[in-house]
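Asker:
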Amino acid sequence: MEALNRKCLSLKKMKQMGFLIVVRRIEIDYKAPAGEGDEKMALKTISIDSVRDYEGERVTICGWLTHKRSSGRIRFLILRDGTGIIQATLFKGETSDSAFDLYPELTQESSLSVTGELRKEDRAPGGYEILVSEMEIFHIAETYPISPKEHGIGFLMDHRHLWLRSSRQQAILRVRHSVIKAARRFFDDQGFTLLDAPILTPSSCEGTTTLFETDYFEDTKAFLSQSGQLYMEAGAMAFGKVYCCGPTFRAEKSKTRRHLTEFWMIEPEVAFADLKMVMDLAEAMIITIVQEVLKTRQAELHILERDIARLEQIRAPFYVISYDEAIEFLKDAGESIPWGEDFGGGHETIISNRFDRPVLIHRYPTETKAFYMKNDPDRSEVALCVDMLAPEGYGEIIGGGQREDDSEILKTKIEKTGLPPESFDWYLGLRRYGSVPHAGFGLGIERMVAWMCGLEHVRETIPFPRLIDRLYP
Ligand code: 4AD
Ligand code: MG
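Taking this note's numbering, I'd label the letters of the sequence shown as residues 13 to 485.
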């Protein structure tokens with residue numbers, strides 16, 4: 013009981029001193045059988061990120077061995093548990109003989125638990141060590157395929173299920189978590205309703221050449237969704253402001269650093285909104301995400317050696333240029349691109365390298381954009397659409413705009429695409445029952461994460477990437 017009281021006192025004292033105490037622990041409180049010592053009653057299985065709350069206490073930590081070394085009568089184990097790393101130190105004579113003798117058996121990635129006293133140790137990675145008295149092995153790992161030596165990207169991708177254990181991959185995927193959390197919170201805080209879009213759909217949203225087809229029942233075909241947008245439009249007419257966040261699929265045969273075949277999008281849609289309103293919304297959302305990443309992911313950005321100054325300068329207002337101006341800019345940069353053509357990845361890189369903040373390019377030629385875009389009433393050859401390009405050469409991260417709200421014009425546009433008009437009856441119906449101006453956009457999560465982390469390629473920004481030449485593991 014003494015140890016337990018001691019901890020309660022120290023937490024109380026810290027509270028009095030004004031510390032905000034966040035105790036994170038895996039709640040496996042040790043229940044001592046009747047008659048066992050008080051010492052064990054206070055034993056806690058803790059996570060490594062909470063060690064500073066337990067200095068001087070006897071605790072248990074579960075994890076995997078990243079490496080080990082020995083010098084004379086001392087043996088060191090470096091353990092990770094997903095929340096951090098810690099040094100576990102074994103002393104001949106102080107550690108139980110049974111634990112000490114297990115040392116030679118331990119291979120990289122073996123899983124184990126260590127029990128002992130926690131203390132501060134500035135020389136140890138993470139600044140703490142556990143003086144091991146007891147050790148329990150869950151599993152002795154076979155020879156681990158990933159070692160500190162350089163592996164090719166193909167090898168690492170084949171071992172993606174294990175590669176996720178490396179600190180760099182964890183840093184990237186934690187940034188991803190923050191990006192999604194910040195984006196969702198942004199919309200939640202503004203009164204948007206989360207509305208999940210279907211994955212299996214009866215028709216295309218973005219164009220037939222980029223569609224995955226699958227057999228459905230009774231000779232019907234289904235398609236993996238390219239975007240939740242059309243369903244969000246229905247949602248906006250019901251709820252006013254909605255968003256979805258989920259996986260979307262593109263079968264385009266693009267083998268570039270920006271393309272996945274399965275990627276995640278967050279897509280807001282707003283009733284009674286025009287192009288300008290969603291451009292402002294997109295800007296505010298991006299600022300919120302960047303701020304959240306900077307606030308909560310400093311350690312991860314450090315591991316990734318991200319130039320944080322480049323992210324700190326992301327503030328309003330972003331640059332806004334028209335497609336026409338972008339064409340002029342590209343021509344000045346020596347590119348021969350005629351008016352009317354869509355930008356390729358190379359063009360986007362040139363434009364986005366030119367700006368230190370995101371740039372919104374609006375009013376692309378109608379011919380380059382999807383059927384649902386509304387034509388500019390003052391200039392029918394351009395659409396009321398917008399792409400946002402991230403700086404530092406990252407290119408397009410957002411696509412969106414104002415939707416065609418006239419049922420006859422929309423019907424003609426659908427017919428022009430060659431898509432089966434009957435699958436769009438419901439969508440056209442949205443324009444027959446109280447049609448209103450409405451607009452929205454989609455943010456590609458992986459491209460956003462690649463930009464935040466300063467990565468060359470999107471393949472590391474999603475736990476299990478699906479690329480034109482990769483479906484495994
Ligand atoms: O520009 P896109 O194709 O727009 C739409 O799908 C709209 N229906 C969205 C909407 O208005 N609700 O895609 C939007 C974003 C792109 O800017 C890009 O960030 C990302 O999704 N994206 C991809 N990311 C990875 N791999 C791909 N193949 C991607 N295609 C688009
Ligand atoms: Mg686009």
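Glycine residues also receive a C-beta, built at the ideal position from the N, C-alpha and C atoms. Model, not experiment: these values are computed from the prediction.
Which residues end up in the neighbourhood of the ligand MG when you take C-beta atoms closer than 6 Å to any of its heavy atoms?
Answerer: D399, E408, G411
Asker: Are the Cβ atoms of F275 and I474 separated by less than 9 Å?
Answerer: The count along the sequence shown starts at 1 and reaches residue 275 at position 263. The count along the sequence shown starts at 1 and reaches residue 474 at position 462. In this structure, I474 lies closer than 9 Å to F275 by Cβ.
Asker: Which whole-angstrom value is the C-beta distance of A395 and R375, which I expect to be below 8 Å?
Answerer: What you label residue 395 is simply residue 383 of the sequence shown in a count that begins at 1. What you label residue 375 is simply residue 363 of the sequence shown in a count that begins at 1. Rounded, the Cβ-Cβ distance is 7 Å, consistent with contact.
Asker: Is D113 helix, strand or coil by DSSP?
Answerer: Here residue 113 refers to the residue found at position 101 when the sequence shown is read from its first residue. It is coil, neither helix nor strand.
Asker: Decide if I421 is buried, meaning its Cβ has at least 16 other Cβ atoms within 10 Å, or exposed.
Answerer: Here residue 421 refers to the residue found at position 409 of the sequence shown. With fewer than 16 Cβ atoms within 10 Å of its Cβ, I421 is classed as exposed.
Asker: Using 10 angstroms around the beta-carbon of H450, count the other beta-carbons present and answer buried if the total reaches 16, otherwise exposed.
Answerer: Here residue 450 is taken as the residue at index 438 of the sequence shown, counted from 1. So H450 ends up on the buried side.
Asker: What beta strand (DSSP E) runs, 3 residues minimum, are completely inside the region 119 to 159?
Answerer: 123 to 132, 140 to 151
Asker: Where does I165 fall in DSSP's three states?
Answerer: Walking along the sequence shown from the start, residue 165 turns up at place 153. The answer is helix: DSSP assigns I165 an H, G or I state.
Asker: Less than 9 Å between the beta carbons of C257 and A195, yes or no?
Answerer: The sequence position of residue 257 within the sequence shown is 245, counting from 1. The sequence position of residue 195 within the sequence shown is 183, counting from 1. Yes, the Cβ-Cβ distance between C257 and A195 is below 9 Å.
Asker: Skipping 5 residues on each side, what residues in its chain have a beta carbon closer than 7 Å to that of G219?
Answerer: Counting from 1 along the sequence shown, the entry for residue 219 is found at position 207. Correct list, in chain order: A382.
Asker: Which whole-angstrom value is the C-beta distance of F235 and S216, which I expect to be below 8 Å?
Answerer: As a working mapping, residue 235 is identified with position 223 in the sequence shown. As a working mapping, residue 216 is identified with position 204 in the sequence shown. 6 Å between Cβ atoms; contact.
Asker: Looking at C-alpha atoms only, which residue of L212, M464, E148 is the closest neighbour of E312?
Answerer: Position 300 of the sequence shown, counted from the start, is the residue given in the question as residue 312. Closest by alpha carbon: M464.
Asker: For V448, which residues in the same chain have their Cβ closer than 6 Å to its Cβ, ignoring the five residues on either side in sequence?
Answerer: Here residue 448 is taken as the residue at index 436 of the sequence shown, counted from 1. Taken in chain order, the residues that qualify are A283, F284.
Asker: Looking at the strands, I want to know which residues DSSP matches up with A451.
Answerer: By 1-based counting over the sequence shown, the position of residue 451 is 439. DSSP output for A451 lists V282, Q414 as bridge partner(s).
Asker: Would you say F235 touches the ligand 4AD, meaning its beta carbon is less than 8 Å from a heavy atom?
Answerer: Position 223 of the sequence shown, counted from the start, is the residue given in the question as residue 235. False, no ligand heavy atom lies under 8 Å from that Cβ.
Asker: Please find out if some non-hydrogen atom of the ligand 4AD comes closer than 8 Å to the beta-carbon of A507.
Answerer: For the chain, the structure presents residues 13 to 485; residue 507 sits outside this window and is missing.
Asker: Within 10 Å of its beta-carbon, does Y406 have 16 or more other beta-carbons around it, so buried, or fewer, so exposed?
Answerer: On the sequence shown, position 394 is the one that residue 406 refers to. Y406 is buried by the Cβ-count criterion.
Asker: Could you check whether the Cβ of V191 sits closer than 8 Å to any heavy atom belonging to the ligand 4AD?
Answerer: Locating residue 191 in the sequence shown gives position 179, counting from the first residue. Because no heavy atom of the ligand 4AD lies under 8 Å away, the Cβ of V191 does not count as near it: no.
Asker: Got a sec, what are the start and stop residues for the beta strand (DSSP E) K233 sits in?
Answerer: For the purposes of this step, residue 233 is taken as residue 221 along the sequence shown, with counting starting at 1. Per DSSP, K233 belongs to the beta strand (DSSP E) from 233 to 236.
Asker: Give the single residue among D231, R478, Y243, T57 whose Cα lies nearest to the Cα of V71.
Answerer: Counted from its first residue, the sequence shown places residue 71 at position 59. Among D231, R478, Y243, T57, the Cα nearest to that of V71 is on T57.
Asker: Expressed to the nearest angstrom, what Euclidean distance is found between the alpha-carbon atoms of D418 and D437?
Answerer: Within the sequence shown, the letter at position 406 stands for residue 418. Within the sequence shown, the letter at position 425 stands for residue 437. Cα to Cα, the separation comes out at about 14 Å.
Asker: At what residues does the beta strand (DSSP E) containing W76 begin and finish?
Answerer: Locating residue 76 in the sequence shown gives position 64, counting from the first residue. Looking at the DSSP string, the run of the beta strand (DSSP E) that includes W76 is 70 to 83.
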